[in-house]
Amino acid sequence: MIRIDQLTKAYEHAGSRTVVLDSLDFEVGRGEIAAVVGRSGAGKSTLAQCVTLLELPTSGSVIVDGVDLTASSERDLRTARRAIGTIFQSDGLFSRRTAAENVALPLEFLGVTPAESRARVAELLERVGLGDKARHYPHQLSGGQRQRVGVARALALRPRVLLSDEATSGLDPESTQSILGLLRELRDDLDLSILLITHEMEAVREIADTVARLEAGRFTERGRVVDLLQDQSSQLGADLQPQRASAAAADGQVALLATYGSPDVPADWLARVSAELGEPVGLLGAAVEVVDGTTVGTVTVGVPASHADAARDALARLGIQTRRDADPLPLLNDDEIETAA
Ligand SMILES: Nc1ncnc2c1ncn2[C@@H]1O[C@H](COP(=O)(O)OP(=O)(O)OP(=O)(O)O)[C@@H](O)[C@H]1O
Ligand SMILES: [Mg+2]
1 MIRIDQLTKA YEHAGSRTVV LDSLDFEVGR GEIAAVVGRS GAGKSTLAQC
51 VTLLELPTSG SVIVDGVDLT ASSERDLRTA RRAIGTIFQS DGLFSRRTAA
101 ENVALPLEFL GVTPAESRAR VAELLERVGL GDKARHYPHQ LSGGQRQRVG
151 VARALALRPR VLLSDEATSG LDPESTQSIL GLLRELRDDL DLSILLITHE
201 MEAVREIADT VARLEAGRFT ERGRVVDLLQ DQSSQLGADL QPQRASAAAA
251 DGQVALLATY GSPDVPADWL ARVSAELGEP VGLLGAAVEV VDGTTVGTVT
301 VGVPASHADA ARDALARLGI QTRRDADPLP LLNDDEIETA A
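Reading the sequence shown from the start, the letters are residues 1 to 341 in the working numbering.
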């Protein structure tokens, strides 16, 4: 478990002081993936570095598995840091060492015997799906495979906590998927607490349990991913929504963007709304995803502009909420219109 209390980090520069992290409280439970999102310069990497104490916090505490790192001596800190594995955007592999030799590095530093080290490295490479690539050098591996070697190395000392700072940035979709799948497995199989720093909302939606938005050193919005996705008033929830299918509706129609998370929504909801309005209601786009075990559906429906409010009410009665802050989108005949809110 990672807990930070009132964490502040300020830099002094030519007499002026910049507060990069401002009294942050945060927790990542065991077996949980907590995402932190935010614009460039928001302080995400600084947060990651403060958690490993690579950067010393100006004030506040960092507690990993019950050990207050900020109160530890230099020697205790070295031991405590072993509980934290890190993976970064650049894989940081040594080019003249094979995959296996890279993974073995932290074990060598600890003086683990060669036989023990070999066994552990083989197990780790197997774990990340690279059992057959042990003797490959980094340049003989794909970006995603190199990143997996980085994950294996981060796991070498059996950490309780994993920090991932933009580990999938710059990877192709397939490699991104493989890394995300791996992180999910590590959470579920090893009960790791994972702090996932990313700017990719899709990654958050796919594997994170909670998400917080960091803006100018403060958390401006946070919550469980599944709750935010269904919260019609949440901007973060809106940003987390999948890209919606573009939609076209007939003249005089508007598109309403709606989400539902309840299994109680009747399968024939579209027909019911049509019947209630006495007007045709068209399905313009739909996406259904399973987030954290809950089915979250996003639909775009086209209704006659004059019946937009009645349609909202009828949908709400069936457990389907329309976005309140987004006005109905006017749709032109045969035009393709992006309905992203
Ligand atoms: N050593 C330093 N001295 C002074 N300012 C710093 C230092 N390190 C970082 N900063 C400042 O802290 C702010 C946050 O930087 P940080 O790297 O944490 O952002 P980030 O959210 O990770 O951005 P990105 O998404 O681009 O990686 C920036 O304004 C940066 O200039
Ligand atoms: Mg960064």
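Note that the Cβ used here is the ideal one computed from N, Cα and C, for glycine as well.
Item: Decide if the stretch 181–188 is in contact with the stretch 222–232; the criterion is three or more beta carbon pairs, one per stretch, under 8 Å apart.; Value: no
Item: Is any heavy atom of ligand 2 found at a distance shorter than 7 Å from the C-beta of S178?; Value: no
Item: From Q321 to A314, what distance separates their C-alpha atoms?; Value: 10 Å
Item: Residues in its own chain within less than 8 Å of V281 by CB, not counting five upstream and five downstream?; Value: L270, V273, S274, V301, G302, V303, A311
Item: Scan the stretch 133–159 and note each continuous alpha helix (DSSP H) run of 4 residues or more that stays entirely inside, going in chain order.; Value: 143–155
Item: One question on the structure: do L157 and P106 come within less than 8 Å of each other, judged by their Cβ atoms?; Value: yes
Item: Regarding D191 and ligand 2, is the C-beta to nearest heavy atom distance less than 7 Å?; Value: no
Item: Name the residue from T46, R146, R160 whose alpha carbon lies nearest to the alpha carbon of L171.; Value: R146
Item: Name the residue from L7, Q177, S73, V67 whose alpha carbon lies nearest to the alpha carbon of A48.; Value: L7
Item: Taking 5 Å as the limit, tell me which residues put their C-beta closer than that to any heavy atom of ligand 1, in chain order.; Value: Y11, V20, S40, G41, A42, G43, K44, S45, T46
Item: In this structure, how does DSSP classify A245 when only helix, strand and coil are distinguished?; Value: The predicted position of A245 is uncertain, since its pLDDT is 41 and thus under 50; no value can be drawn from it.
Item: Any idea which residues DSSP pairs R120 with across the strands?; Value: Per DSSP, none; premise fails for R120.
Item: Under 7 Å: does the beta carbon of E200 sit that close to some heavy atom of ligand 2?; Value: no
Item: Under 7 Å from any heavy atom of ligand 2, does the C-beta of E166 make it?; Value: yes
Item: Measure the Cβ-Cβ separation of T86 and L163 and say whether it is below 8 Å.; Value: yes
Item: Could you pull out every residue in the same chain whose Cβ sits closer than 8 Å to the Cβ of V265, ignoring the five residues on either side in sequence?; Value: G297, L318, G319, I320
Item: Suppose the cutoff is 6 Å on Cβ atoms and the five residues either side in sequence are ignored; what does the same chain contact list for F88 look like?; Value: D165
Item: Distance, Cα to Cα, H13 vs I4?; Value: 25 Å
Item: Could you check the C-alpha separation between G143 and N102 for me, to the nearest Å?; Value: 15 Å
Item: Please identify the residue among R30, F109, G217, D309 whose C-alpha is closest to the C-alpha of S23.; Value: G217
Item: Taking the straight line between their C-alpha atoms, what separation do you get for M201 and A115?; Value: 42 Å
Item: What is the residue span of the alpha helix (DSSP H) that T176 lies within?; Value: 173–190
Item: In chain order, what residues of the same chain have a beta carbon less than 6 Å from the beta carbon of A212, not counting five sequence neighbours either side?; Value: V36, F219, R222
Item: State the CB to CB distance for the pair G38 and L228, rounded to an integer number of angstroms; the pair is presumed to be in contact (CB under 8 Å).; Value: With a Cβ gap of about 15 Å, G38 and L228 do not count as contacting.
Item: Inspect the beta-carbon positions of E289 and P242 and report whether they are closer than 8 Å.; Value: yes
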